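Note sheet for the following structure.
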Amino acid sequence: MDAVRIRDDIYWVGAIDWSMRNFHGYETGRGSSYNAYLILDEHVTLIDTVKEPFAGELIERISSLIDPEKIDYIVSNHVEPDHSGSLLKILALCPNATVITSLPNGLKGLTARYGEQAYKGIKAGDTLSIGHRTLSFVPTPMLHWPDSMVTYCPEEKVLFSNDAFGQHLASGQRFDDENDIDLILFEAKKYYANILMLYGRQAQAALKALAGLDIELILTGHGISWRSHIKDILSLYQKWSTNELEDRAVVVFDSMWHATETMARTIVEAFNAKGIPAAFYDIKANHNSDIVTDVLTSKYLAVGSPTLNNDMMPSIASFLCYLRGLSPKGRKAFAFGSYGWGGQSIAQVEEQLKAAGCDIVLEKQRIANVPTKAQLAALTEAVQQIDE
Ligand code: FEO
């Protein structure tokens, strides 16, 4: 396995994880990559490593260029093991290398995971000369861990962005203009929704910190890197991090004997009749991570569950737990569902929507047993009355 030339003396030496299908509950149907980069300057510098099982691939790609012993610096932009997991295996081959990490959290995190090593902690604005090039470090705390940072090389106008702007997408090509751009943008949206949605304020701070940089290449930590669509991805991060929403509705539900499903179909029809495109998500046929991708840019959210043993369906509880963690503020939301007798689930769904930061804009829609035509007409009318 060879290194991939990015430009003179800068190479991709990462690993492609074609088979990865789940990242902490985020379904990654198209795999991923762990991107590491090698800069061949007077001081040879490795930017990030890869997930530990892929250490051999990293070492082979580095060895296609130089003896790994020649590495002087390893920049660890992020402690999470998908980027730092091969650190000890690399350090075993270059025992004189210094590991650059953020203060205080990078140093704390690496020490906790890998013990005492030759770490050098850096702060915002610190620079490191590696010969003809300089590296400067921009902390991006909580994007998405406290230690996260990005590294900028002004002579090359290259940003090593780690998790930011990445996607879980396995590809043999490294750049945006070598792949299907619509697919990359979809996977970038899915990545932001599932990993960064909670951190809009911190993403805004990071975008401000990066605004003054002249960037020709964004070399990401996952998936495809950016060279032809840098403005597009920056503008999408601006949109997502400021919670800019579209007139679109997400309707998600589970159903036991199709009554709640009938309500969901009626709600979708009512939104569509109102001129608001609505998506129909049967939780049995859709993954939480795909649904929250749609929630990221949708103004309306309706969640339905029948009552099972005095509670909402476990599938809907799982969705709402995932949603609450991502805290999508300000969606116009309501709960609905059919029930046999107690009907506790609908109020429970409403409480969870509130806990996720949604604004409840319609009274709980509860229908006992099987919905009648008149009840469905009343449901349609209620949805059509929601303020836009
Ligand atoms: Fe790709 Fe937060 O690790």
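In the working numbering, the protein residues as written are 5 to 392.
Built from N, CA and C at the ideal position, the CB exists for glycine as well.
Remember, it's a predicted structure, so these values are computed and weren't measured experimentally.
As a beta-bridge residue in DSSP terms, residue 157 pairs with 162.
A distance filter of 5 Å between CB atoms and the heavy atoms of ligand 1 selects the following residues in sequence order: 84, 86 and 167. Taking residue 321 as reference, the option from 335, 357 and 302 with the minimal CA-CA separation is 357.
Inclusion of residue 163 and residue 223 in the CB contact set at 8 Å is warranted, their separation being smaller than that value. Counting other Cβ atoms within 10 Å of its Cβ, residue 376 stays below 16 and is therefore classed as exposed.
Under DSSP, residue 265 shares a beta bridge with no residue.
Within the same chain, Cβ atoms closer than 6 Å to the Cβ of residue 284 are found at 255 and 272, the five residues on either side in sequence being excluded.
With a cutoff of 8 Å on beta-carbon distance, residue 309 and residue 353 are scored as near each other.
For the pair residue 260 and residue 246, the Cα-to-Cα distance works out to about 38 Å. Of the residues assessed, residue 344 falls on the exposed side of the cut-off, its CB having fewer than 16 other CB atoms within 10 angstroms. It is roughly 10 Å from the alpha-carbon of residue 286 to the alpha-carbon of residue 307. Taking a cut-off of 8 Å for Cβ pairs, the stretch 263–279 and the stretch 289–302 do not touch, as fewer than three such pairs fall below it. Contact between the stretch 142–154 and the stretch 8–16 is not established, with fewer than three Cβ pairs separated by less than 8 Å. Boundaries around residue 143 are those of the beta strand (DSSP E), 138–143, since no alpha helix (DSSP H) includes it.
Ranking 131, 84, 97 and 90 by CA distance to the CA of residue 104 puts 131 first. When only Cα atoms are considered, residue 264 and residue 338 end up about 14 Å apart. Residue 347 holds the alpha-carbon nearest to the alpha-carbon of residue 311 among 331, 330, 347 and 336.
Annotated as distal: residue 83 and residue 51, with beta-carbon spacing of 8 Å or more. Looking at 31, 236, 379 and 228, the one whose alpha-carbon comes closest to that of residue 18 is 228. Of the other Cβ atoms in all chains shown, fewer than 16 fall within 10 Å of the Cβ of residue 279; this residue is therefore exposed.
Within the same chain, 368 come within 7 Å of residue 351 by CB-CB distance, once the 5 residues on both sides are set aside.
Under DSSP, the beta-bridge partners assigned to residue 26 are 31.
Linking residue 177 to residue 186 through their CA atoms gives a straight-line distance of about 15 Å. With a cutoff of 8 Å on beta-carbon distance, residue 361 and residue 329 are scored as not near each other.
Cβ-Cβ separation between residue 106 and residue 226: approximately 19 Å, too far for a contact (criterion under 8 Å). Residue 258 is a Cβ neighbour of residue 319, given a cutoff of 8 Å. The residue from 171, 101 and 14 with its alpha-carbon nearest to that of residue 35 is 171.
Shown here, residue 83 sits in coil according to DSSP, grouped into three states, outside any helix or strand. For residue 78, the beta-bridge partners assigned by DSSP are 50 and 103. Secondary structure within the stretch 279–323: the alpha helix (DSSP H) runs of 4 or more consecutive residues, fully enclosed, are 292–299 (chain order). When the beta-carbon positions are compared, residue 156 and residue 217 come within less than 8 Å of each other. The C-beta distance from residue 101 to residue 77 rounds to 6 Å, short enough to meet the 8 Å contact threshold. Judged by beta-carbon spacing, residue 197 lies within the 8 Å limit of residue 297, meaning their Cβ atoms are closer than that value. Here residue 250 is bridged, per DSSP, to 302.
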